[in-house]
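Asker: Numbering (my numbering), first residue to last: 45 to 236.
Built from N, CA and C at the ideal position, the CB exists for glycine as well.
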């Protein structure tokens with residue numbers, strides 16, 4: 045598969061164009077891995093070296109390099125020349141080139157990287173691996189009372205999936221709003 049094929053988006057057609065890219069680093073081509081590694085700036089390279097575990101370092105390198113490649117492709121720019129800053133709440137934003145009105149978000153979990161890009165609105169994305177953590181100890185602090193009641197009304201076998209759905213919705217919402225994970229997540233409620 046060519047690198048261009050590795051970067052094809054899953055497009056949601058509507059008045060607001062949103063492109064979502066999902067990539068499994070273990071399945072990515074050597075060419076994409078090399079490109080992702082080569083576009084990181086020195087600060088990102090130093091941060092990558094500080095990771096204790098190879099898998100965490102590799103995920104950081106791949107996900108941040110992939111984000112640079114995707115943003116550069118949208119803006120027809122050199123991915124090495126992109127600069128970022130943190131907005132209030134910690135959300136990364138593109139500083140240069142300043143003419144680009146692109147909003148983006150990045151998420152990763154073991155074996156999966158997700159990037160969302162749009163030009164018109166803030167956006168957030170969260171990807172999680174179901175069953176990675178025991179959700180039961182998170183319920184009191186993560187779910188609003190009505191969400192807890194609805195979750196407990198489900199069969200035990202259905203609860204992990206539903207908890208993960210609610211969790212990813214909340215994280216994506218917080219990231220999209222630029223609120224950060226320090227915001228009391230149980231104050232946000234989703235139903236349906």
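Once DSSP output is grouped into helix, strand and coil, what is the label at residue 216?
Answerer: In the displayed model, residue 216 falls within a helix according to three-state DSSP.
Asker: Per DSSP, what kind of secondary structure is residue 95 in: helix, strand or coil?
Answerer: coil
Asker: Residue 169 and residue 151: beta carbons closer than 8 Å?
Answerer: yes
Asker: What three-state label does DSSP hand residue 62 in the structure shown?
Answerer: Assignment of residue 62 by DSSP, reduced to helix, strand and coil, places it in the strand class.
Asker: What is the C-beta distance between residue 115 and residue 126, in whole angstroms, given that I count them as a contact (C-beta under 8 Å)?
Answerer: 6 Å
Asker: Are the Cβ atoms of residue 162 and residue 62 separated by less than 8 Å?
Answerer: yes
Asker: How many angstroms separate the CA atom of residue 182 from the CA atom of residue 104?
Answerer: 25 Å
Asker: Checking the sheet assignment: what are the DSSP bridge partners for residue 152?
Answerer: 157
Asker: For residue 147 versus residue 121, is the C-beta spacing smaller than 8 Å?
Answerer: no
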